[in-house]
Amino acid sequence: MVEERMGDCWSHTKDQFDNLEKHTQWGIEFVEKYNKFVKERSEIEINYAKQIRNLSKKYQPKKNSREEEESKYTFCRAFFTTLNELNDYAGQHEVIAENLTSQIFIELTRYLQELKAERKTHFHDGRKAQQYIESSWKQLESCKRRFERDCKEADRAQQYFEKMDADINVTKADVEKARQQAQMRHQMASDSKGDYSSYLQKFNQEQNDHYHTIIPNIFQKLQDMEEKRIERVGACMKTFAEVDRQVLPIVGKCLDGMTTAAESIEPKTDSQQVVESFKSGFEPPSDVEFEDYGQAMKRTVSENSLSNSKESKEKPAGKSKPKLWPFIKNKNKGSGPEDFSHLPPEQRRKKLQGKIDDLNKDIHKEMDQRDALTKMKDVYIKNPQMGDPASVDPRLTEIGQNIEKLQSEVQKFEGWLAEVEERMPSKSDSHRRSGLYETQSSVAVSNNCAQDRESPDGSYTEEQNTETQVKANINPNPTPNPNPIPTTMPDDEEFDDDDEPLATIGTCKALYPFEGHNEGTIAVAEGELLYVIEEDKGDGWTRVRRNQDEEGYVPTSYIEVNLEPNAKGAMTYI
Numbered sequence: 047m048v049e050e051r052m053g054d055c056w057s058h059t060k061d062q063f064d065n066l067e068k069h070t071q072w073g074i075e076f077v078e079k080y081n082k083f084v085k086e087r088s089e090i091e092i093n094y095a096k097q098i099r100n101l102s103k104k105y106q107p108k109k110n111s112r113e114e115e116e117s118k119y120t121f122c123r124a125f126f127t128t129l130n131e132l133n134d135y136a137g138q139h140e141v142i143a144e145n146l147t148s149q150i151f152i153e154l155t156r157y158l159q160e161l162k163a164e165r166k167t168h169f170h171d172g173r174k175a176q177q178y179i180e181s182s183w184k185q186l187e188s189c190k191r192r193f194e195r196d197c198k199e200a201d202r203a204q205q206y207f208e209k210m211d212a213d214i215n216v217t218k219a220d221v222e223k224a225r226q227q228a229q230m231r232h233q234m235a236s237d238s239k240g241d242y243s244s245y246l247q248k249f250n251q252e253q254n255d256h257y258h259t260i261i262p263n264i265f266q267k268l269q270d271m272e273e274k275r276i277e278r279v280g281a282c283m284k285t286f287a288e289v290d291r292q293v294l295p296i297v298g299k300c301l302d303g304m305t306t307a308a309e310s311i312e313p314k315t316d317s318q319q320v321v322e323s324f325k326s327g328f329e330p331p332s333d334v335e336f337e338d339y340g341q342a343m344k345r346t347v348s349e350n351s352l353s354n355s356k357e358s359k360e361k362p363a364g365k366s367k368p369k370l371w372p373f374i375k376n377k378n379k380g381s382g383p384e385d386f387s388h389l390p391p392e393q394r395r396k397k398l399q400g401k402i403d404d405l406n407k408d409i410h411k412e413m414d415q416r417d418a419l420t421k422m423k424d425v426y427i428k429n430p431q432m433g434d435p436a437s438v439d440p441r442l443t444e445i446g447q448n449i450e451k452l453q454s455e456v457q458k459f460e461g462w463l464a465e466v467e468e469r470m471p472s473k474s475d476s477h478r479r480s481g482l483y484e485t486q487s488s489v490a491v492s493n494n495c496a497q498d499r500e501s502p503d504g505s506y507t508e509e510q511n512t513e514t515q516v517k518a519n520i521n522p523n524p525t526p527n528p529n530p531i532p533t534t535m536p537d538d539e540e541f542d543d544d545d546e547p548l549a550t551i552g553t554c555k556a557l558y559p560f561e562g563h564n565e566g567t568i569a570v571a572e573g574e575l576l577y578v579i580e581e582d583k584g585d586g587w588t589r590v591r592r593n594q595d596e597e598g599y600v601p602t603s604y605i606e607v608n609l610e611p612n613a614k615g616a617m618t619y620i
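Letter by letter, the sequence shown follows residues 47 to 620 in the numbering used here.
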């Protein structure tokens, strides 16, 4: 019974160790699985950041002239800002990957090694304690069996002695020998009994320690180990979330930067940039003169009359064909000549000015290098041990030649620029026309007053836009206005006031706002009603008055004029 009971206890203890061994092994495998999960998440963040950086780099502006062109527009600058913010956003994902690796993956990898070593130690101690108690039990059983055997031997020796002592035929020597043998067996049984009793007491103490101290302590250590493992996993899961939370403020700033960039887009500013970029600087076309075919004409077949007829059709009133500047197609798609003569005046002026600015920058760079080398040469002269002054001379000579060459280029381009500015109408009268043509040219495109005479292939046609035709013509033979959108201001002599104010000859309504920054002009608002005191004399300007103290010139194409019937050449036109 005792052996069966002990066997059951040992079997139960062994089963408990087996269960704990399986559970702790599963716990280690869970930590390894979670650690692998963190590693894969870190790799995803790294790959995502790499893809985001590559995307941002792919759409970054290239280092060419187009970059400068695009940077003028607010929507392009907003996109470039978005790309930069996106690059910083990718950096935060790299931070997430780095923190996941350093704060979780590496730490868990180290902890797993410690956990496995600790688990191995605990189960080794458990198996050792189990083996020791089993060994003690075997020794106890051995003492018990020896004691039992010695007792049986003593009983048999005693019975043999008694038998010999009762037998009268046995000699006295045999009886004495049997008695001594019986005493010896009894002594051996007594010794075995003492050993058994002593070892039994020792085993009971060891068994008590085994089941009440050693095994519980091992189980407690395994429990503590398991609790620490679970606590460590929980801490890692919390860190997993905190790693993301730590970068949220910077990610938020990146997103705020993208939002701010998007809100900074100004459509009107960008559209005005387009106007400034493609403004040609050509004079607006003059009015098409009336050709009267109703009068009786002598038809002759002379060569002179035929040529005159052709000239009258091709070149009315002896004037050259006007340039239709808003609608001219640029057929020079290539790089063009060095002086940009293939471009419209305004575009050519901008190109030349930009080239001059670039050359001046290069000159300043060369001068800075020359100054630095000159200082170096002075140092060498004062301290010959630092270097040979003559070694700097070739480079100084080369820089001097470069500067002369660049200055020659600047003079060449400045000459072309001066030629363009002299020919441009907006530069002929700096006091009254500066900036005016730029304003009216942008309005002329949007306003329906521009004569659209361009055919689909860009060629010139004589068909007049109905919106620019004269609304009413009181004078049967009016002199047409050769320039509905003015490019020059009236002469100063024409603007000088007489002693008495000019009389009112009609009224007008402003069709478009006019700022009137230049001398002699007057600012008007769209829809404003004004008095006409001097009609357009063919220069594209009409003199108006707001009150007794405010008067000046406004572009005729900006107003709708209604002259009084008795005014000279009275007419209503836009």
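Ideal placement from N, C-alpha and C gives every residue a C-beta, glycine not left out.
query: Please classify S355 as buried or exposed, where buried requires at least 16 other C-beta atoms within 10 Å of its C-beta.; result: Caution applies to S355, whose pLDDT of 42 falls short of 50 and renders its modelled position unreliable; the value that the coordinates give is listed next. Burial call: exposed.
query: Mind checking which residues open and close the beta strand (DSSP E) that includes V578?; result: 575-580
query: Check for me: the beta strand (DSSP E) holding P601 runs from which residue to which?; result: 597-601
query: Anyone know if the C-beta pair for R416 and L452 falls short of 8 Å?; result: no
query: Can you tell me whether DSSP reads G433 as helix, strand or coil?; result: coil
query: Whose C-alpha, out of T217, V216, R225, C554, is nearest the C-alpha of R202?; result: R225
query: Taking all protein chains shown into account, do 16 or more other C-beta atoms lie within 10 angstroms of the C-beta of T602, making it buried, or fewer, making it exposed?; result: buried
query: Measure the Cβ-Cβ separation of Y242 and C189 and say whether it is below 8 Å.; result: yes
query: Which residue wins for smallest C-alpha separation from Q205, given the options R191, F193, R192, V221?; result: V221
query: Once you ignore the five residues that flank A124 on each side, which residues in its own chain have a CB closer than 7 Å to its CB?; result: A307, A308, S310, I311
query: Is N100 buried or exposed, if buried means 16 or more other CB atoms sit within 10 Å of its CB?; result: exposed
query: Quick one: give me the first and last residue of the beta strand (DSSP E) that L609 is part of.; result: 605-609
query: Using beta-carbon positions only, say whether V279 and Y105 come within less than 8 Å of one another.; result: no
query: Looking at the secondary structure, which residues open and close the beta strand (DSSP E) in which V590 lies?; result: 587-591
query: Would a check of beta-carbon distances place D424 closer than 8 Å to chain D?; result: Annotation note: the requested chain D is absent from the structure, which comprises a single protein chain.
query: Which of helix, strand or coil does DSSP assign to K267?; result: helix
query: Taking the alpha carbon of P107 as the reference point, which residue from I98, P435, L129 has its own alpha carbon closest?; result: L129
query: Classify A556 as helix, strand or coil using the three-state DSSP reduction.; result: strand
query: With L268 and H168 assumed to form a contact (beta carbons below 8 Å), what rounded beta-carbon distance in angstroms separates them?; result: 5 Å
query: Who are the near neighbours of D316 in its chain, counting only those whose CB is closer than 7 Å to its CB and skipping five residues on each side?; result: Y119, T120, F121
query: Can the beta-carbon of L575 be found less than 8 Å from the beta-carbon of T553?; result: yes
query: Around the C-beta of K68, are 16 or more other C-beta atoms found within 10 angstroms, so that it is buried, or is it exposed?; result: exposed
query: Relative to the C-alpha of D582, which residue among Y599, E572, N593, A571 is closest?; result: Y599
query: What first and last residue would you give for the alpha helix (DSSP H) that runs through G400?; result: 391-428
query: Roughly how many angstroms lie between the CA atoms of G240 and Q176, to the nearest whole one?; result: 26 Å
query: Near A95, which residues of its chain fall below 6 Å by C-beta distance, leaving aside the five closest residues on each side in sequence?; result: A136, H139, E140
query: Cα-Cα, which of N564, G566, F560 is closest to G573?; result: F560
query: Using 8 Å as the threshold, is the C-beta distance between R591 and Y604 below it?; result: no
query: Where does V334 fall in DSSP's three states?; result: coil
query: Using a Cβ distance threshold of 8 Å, determine whether the segment 141-156 contacts the segment 83-98, with at least three qualifying pairs required.; result: yes
query: What's the call for E277, buried or exposed, on a 16-neighbour Cβ count within 10 Å?; result: exposed
query: Thinking C-alpha only, which one of G433, E412, E465 is nearest N448?; result: E412
query: Roughly how many angstroms lie between the CA atoms of T264 and F63, to the nearest whole one?; result: Here the sequence assigns Ile to residue 264, which means Thr is not the residue at that position. Straight-line Cα distance between these residues: approximately 10 Å.
query: DSSP on E216, reduced to helix/strand/coil?; result: Note that residue 216 is Val in the sequence shown here, rather than Glu. Coil, per DSSP.
query: Note the first and the last residue of the continuous alpha helix (DSSP H) segment covering E144.; result: 120-146
query: Please classify E357 as buried or exposed, where buried requires at least 16 other C-beta atoms within 10 Å of its C-beta.; result: Its pLDDT being 43, under 50, E357 is placed unreliably by the model, and nothing is read from it.
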